[in-house]
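Asker: Chains as they are written, first to last, in our numbering: chain V, 364 to 482; chain W, 26 to 140.
Virtual Cβ for every residue (Gly too), placed ideally from N, Cα, C.
Here it is, the structure in full.
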Amino acid sequence: AQKITQTQPGMFVQEKEAVTLDCTYDTSDPSYGLFWYKQPSSGEMIFLIYQGSYDQQNATEGRYSLNFQKARKSANLVISASQLGDSAMYFCAMREGAYSGAGSYQLTFGKGTKLSVIP
Amino acid sequence: EPEVTQTPSHQVTQMGQEVILRCVPISNHLYFYWYRQILGQKVEFLVSFYNNEISEKSEIFDDQFSVERPDGSNFTLKIRSTKLEDSAMYFCASSESEGAVTEAFFGQGTRLTVV
């Protein structure tokens with residue numbers, strides 16, 4: 364079974380509008396971290412935002428916010444006021460078991476969503 | 026702002042040759058990783074490295090691969106006897122600790138093309 368599922372291969376959004384990129388995850392471990400990364404056409408991976416499984420509040424970083432619904436196992440990324448420079452691939456990723464110190468070091472990535480911002 | 030740097034940005038090699046991909050992690054980071062991304066596919070974990078030894082590796086990281094921290098700053102991935110299917114973008118990453126609360130910072134990647 365996929366541990367990270369991103370169901371939207373591609374999304375379009377009008378400049379200045381908000382957009383939500385979906386991510387669902389699958390884990391039986393109660394302690395995990397969820398990450399979003401941006402990959403522009405140049406190829407680098409840019410860290411955007413993080414949410415821990417024990418965090419009480421949804422994470423926010425500037426125009427990025429994470430809509431964390433633990434019971435649904437979803438961690439959707441919300442980008443407000445989209446800009447042309449937001450056009451990129453967006454990857455959701457998870458690290459399991461890390462709070463306990465005995466978990467996996469690796470990030471497991473989803474297949475990504477390609478976001479295109481339309482002027 | 027500190028960053029992870031990788032060299033070269035693009036490497037072309039003949040099938041069967043050995044390649045070494047180089048990375049300079051962020052200076053105060055202790056955990057280092059290699060990931061790869063075959064064109065159009067998702068990013069896959071290869072290996073993590075801490076305290077001069079491999080702490081975790083995936084099924085992909087077989088005997089063809091090895092990692093080394095030859096000095097205090099560099100972290101290398103060696104691929105022996107390259108195959109066509111090794112063509113991919115290889116990302117180095119580092120983190121300050123192993124905890125879930127710590128994000129991994131990625132380099133800009135090395136695009137390896139095996140011909």
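Name the chain V residues whose beta carbon is nearer than 7 Å to that of Q133/W?
Answerer: Chain V residues near Q133/W: G406, E407.
Asker: What whole-angstrom Cβ distance do L470/V and A456/V have, given they're in contact under 8 Å?
Answerer: Between A456/V and L470/V the Cβ distance is about 4 Å, and since that is below 8 Å, they are a contact.
Asker: By the DSSP assignment, the beta strand (DSSP E) with T32/W in it spans what residues?
Answerer: Its beta strand (DSSP E) spans residues 30–32.
Asker: Helix or strand or just coil, what does DSSP make of G373/V?
Answerer: G373/V falls in the strand class under three-state DSSP.
Asker: In three-state DSSP terms, what is E128/W?
Answerer: Note: E128/W maps to coil in three-state DSSP.
Asker: What is the rounded straight-line gap between the Cα of V139/W and the Cα of K103/W?
Answerer: In a straight line, the C-alpha of V139/W is about 14 Å away from that of K103/W.
Asker: Among T383/V, P372/V, Q371/V, which has the Cα closest to the Cα of S445/V?
Answerer: S445/V has its Cα closest to that of T383/V, out of T383/V, P372/V, Q371/V.
Asker: Flag F431/V as yes if its beta-carbon sits less than 8 Å from any beta-carbon of chain W, otherwise no.
Answerer: No - not a single Cβ of chain W is within 8 Å of the one on F431/V.
Asker: Is any heavy atom of the ligand GTP found at a distance shorter than 7 Å from the C-beta of S404/V?
Answerer: Here there are no bound small molecules, and the ligand GTP is not part of this structure.
Asker: Could you list which residues in chain W have their beta carbon closer than 7 Å to that of G373/V, in chain order?
Answerer: Near G373/V there are no residues of chain W at all, since even the closest Cβ is about 13 Å away, more than 7 Å.
Asker: Counting only Cβ pairs nearer than 7 Å, list the residues of chain W close to G473/V.
Answerer: What G473/V touches in chain W: K67.
Asker: Anything in chain W within Cβ reach of L470/V, meaning under 9 Å, just list it in chain order.
Answerer: Those within 9 Å of L470/V in chain W are Y58, Y60, V68, F70, A118, A129.
Asker: My output table needs one value for E459/V: the three-state DSSP class, helix, strand or coil.
Answerer: Three-state result, E459/V: strand.
Asker: Identify which residue in K474/V, K366/V, I367/V, M374/V has its Cα closest to the Cα of D449/V.
Answerer: Here the closest residue by C-alpha is M374/V.
Asker: So with CB distances below 7 Å, who are the chain W contacts of I413/V?
Answerer: As written in the sequence, residue 413/V is Tyr, which differs from the Ile given in the question. The contacting residues are E128.
Asker: How about E78/W: is its C-beta nearer than 8 Å to some C-beta of chain V?
Answerer: No, E78/W does not count as interfacial toward chain V.
Asker: DSSP state of G134/W, grouped into three classes?
Answerer: Looking at G134/W - three-state DSSP - the assignment turns out to be coil, as it is neither helix nor strand.
Asker: Would DSSP call E69/W helix, strand or coil?
Answerer: DSSP places E69/W in strand when its eight states are reduced to three.
Asker: Report the rounded CA-to-CA distance for N438/V versus E459/V, giving the unit in angstroms.
Answerer: According to the sequence as given, residue 438/V is Ala; it is not Asn. Answer to the nearest angstrom: the Cα atoms are 14 Å apart.
Asker: Establish whether the CB of M143/W and some CB of chain V are separated by less than 8 Å.
Answerer: The first residue shown for chain W is 26 and the last is 140, placing residue 143/W beyond what the model contains.
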